[in-house]
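Enquirer:
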Amino acid sequence: MPYLVADDLPRESAGRRFRALLDRPHILQLPGAHNGQAAIQARNAGFEALYLSGAAMTASMGLPDLGIITVDEVSFFIRQIARASGLPLLVDGDTGYGEALNVMHMVRTFEDAGAGAVHLEDQLLPKKCGHLNDKKLADPQDMAAKVAAAARARRDLVIIARTDAAGSEGLEGAVARAKLYVEAGADAIFPEALTSVDMFRAFAEAMPGVKLLANMTEFGRTPYQSAAEFEALGFSMVIWPVSSLRVANKAQEKLYAAIKRDGGTQSMLGEMQTRQELYDTMGLHDYEALDASIIKTIVP
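Residue numbers (the working numbering): 1104 to 1403.
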């Protein structure tokens, strides 16, 4: 129960814990968690760090992923996921919500909310999902300035620079941008929307010694690869950004159709998390036991 009991809180910052996981020899697997409940379930499945996707976050709010939401709205999700799971969290920082000073504000706000890492992309607003067309790219020097600002603002937060240049500037252009971002202070690089295994391999070969993040989103431009396959290609991290939301949304769609059709939920009971399973996931009885223990200590 890390949220309520101070002695159960991690002693190290989320940034240091994320960096320690990243420095281990095997690829760091980061499933997307779009809310606190999903974060607990991912932790219970054995994952040691999580990812908060801007696409999943905005979709859960009924909005498209076009850079509409604010730093404070994202921080609400960071706090609930970090609080619920206790795990270090990589957060989608979109374009940084403005220029250099805005990026620094984002970094400080996200780190104070409990984030362990953030990635910053080189698109211009209105930004798009990396697997869509007609993305507008920032000047590479302007993006490098944002990366430098982020590195200056952080305490322990891991800074990952994302480049969307492969689709319009080719692999060479994406590599050139990535090298510039590393020089500016990025701890790792996220080459978005690579379209073949050969592109992943070539990018890794062009960036020796640099930590790299792969995006295994469904229904996108990247061919399906396992974590082990990405590791063999030279990547250090892999995210599944919107998967939890996709599954939850599909299940909800089926539920609402069943209620409308049947006038009730009886046909869906077998697909539901039971009351006991929900309480067990949240640790309800642990909270009750904590409450009872406090009462006992103050009653004469």
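Glycine included, each C-beta is placed from N, C-alpha and C at the ideal position.
Which residues share a DSSP beta bridge with Asp-1340?
Expert: Walking along the sequence shown from the start, residue 1340 turns up at place 237. Before going on, a small fix: residue 1340 reads as Met here, not Asp. Paired residue(s): Leu-1131, Leu-1316.
Enquirer: Taking the C-alpha atoms as reference points, what is the distance between Arg-1258 and Arg-1114?
Expert: For this step, residue 1258 is matched to residue 155 along the sequence shown. For this step, residue 1114 is matched to residue 11 along the sequence shown. Counting only the Cα atoms, Arg-1114 lies some 15 Å from Arg-1258.
Enquirer: Beta carbon of Ser-1347, beta carbon of His-1208: below 7 Å?
Expert: Here the question's residue 1347 lines up with position 244 in the sequence shown. Here the question's residue 1208 lines up with position 105 in the sequence shown. Not a contact, by the Cβ cut-off of 7 Å.
Enquirer: So, using beta-carbon positions, are Phe-1293 and Ile-1263 closer together than 7 Å?
Expert: By one-based count along the sequence shown, residue 1293 stands at place 190. By one-based count along the sequence shown, residue 1263 stands at place 160. Their beta carbons are under 7 Å apart, which means Phe-1293 touches Ile-1263 by this criterion.
Enquirer: Entirely within the stretch 1254 to 1311 and at least 4 residues each: give me those alpha helix (DSSP H) ranges in chain order.
Expert: 1269 to 1287, 1300 to 1309
Enquirer: On the DSSP bridge list, what partners appear for Leu-1358?
Expert: In the sequence shown, counting from the first residue as 1, residue 1358 sits at position 255. Leu-1358 is not bridged to any residue.
Enquirer: With the cut-off set at 7 Å, would you say Ala-1241 and Leu-1227 are in Cβ contact?
Expert: Locating residue 1241 in the sequence shown gives position 138, counting from the first residue. Locating residue 1227 in the sequence shown gives position 124, counting from the first residue. The answer is yes: Cβ separation under 7 Å.
Enquirer: Is there contact between the stretch 1310 to 1325 and the stretch 1281 to 1292, where contact requires at least three CB pairs shorter than 8 Å?
Expert: Contact between the stretch 1310 to 1325 and the stretch 1281 to 1292 is present, because at least three Cβ pairs lie under 8 Å.
Enquirer: Roughly how many angstroms separate the alpha carbons of Pro-1326 and Asn-1147, rounded to a whole number?
Expert: Locating residue 1326 in the sequence shown gives position 223, where the first residue counts as 1. Locating residue 1147 in the sequence shown gives position 44, where the first residue counts as 1. Cα to Cα, the separation comes out at about 28 Å.
Enquirer: Which of helix, strand or coil does DSSP assign to Val-1402?
Expert: Here residue 1402 refers to the residue found at position 299 of the sequence shown. At Val-1402, the pLDDT of 48 sits below 50, so the modelled position is not reliable; the number obtained from the coordinates is stated separately. DSSP places Val-1402 in coil when its eight states are reduced to three.
Enquirer: According to DSSP, which residues form a beta bridge with Tyr-1154?
Expert: If you number the sequence shown from 1, residue 1154 lands on position 51. Answer by DSSP bridge pairing, in chain order: Gly-1135, Leu-1193.
Enquirer: Rounded to the nearest angstrom, how far is the Cβ of Val-1345 from that of Ala-1152, given a contact under 8 Å?
Expert: The sequence position of residue 1345 within the sequence shown is 242, counting from 1. The sequence position of residue 1152 within the sequence shown is 49, counting from 1. Rounded, the Cβ-Cβ distance is 17 Å, inconsistent with contact.
Enquirer: Taking a contact to mean a Cβ-Cβ separation below 7 Å, would you say Ala-1256 touches Ala-1269 in this structure?
Expert: Translated into positions along the sequence shown, residue 1256 becomes position 153. Translated into positions along the sequence shown, residue 1269 becomes position 166. Their beta carbons are not under 7 Å apart, which means Ala-1256 does not touch Ala-1269 by this criterion.
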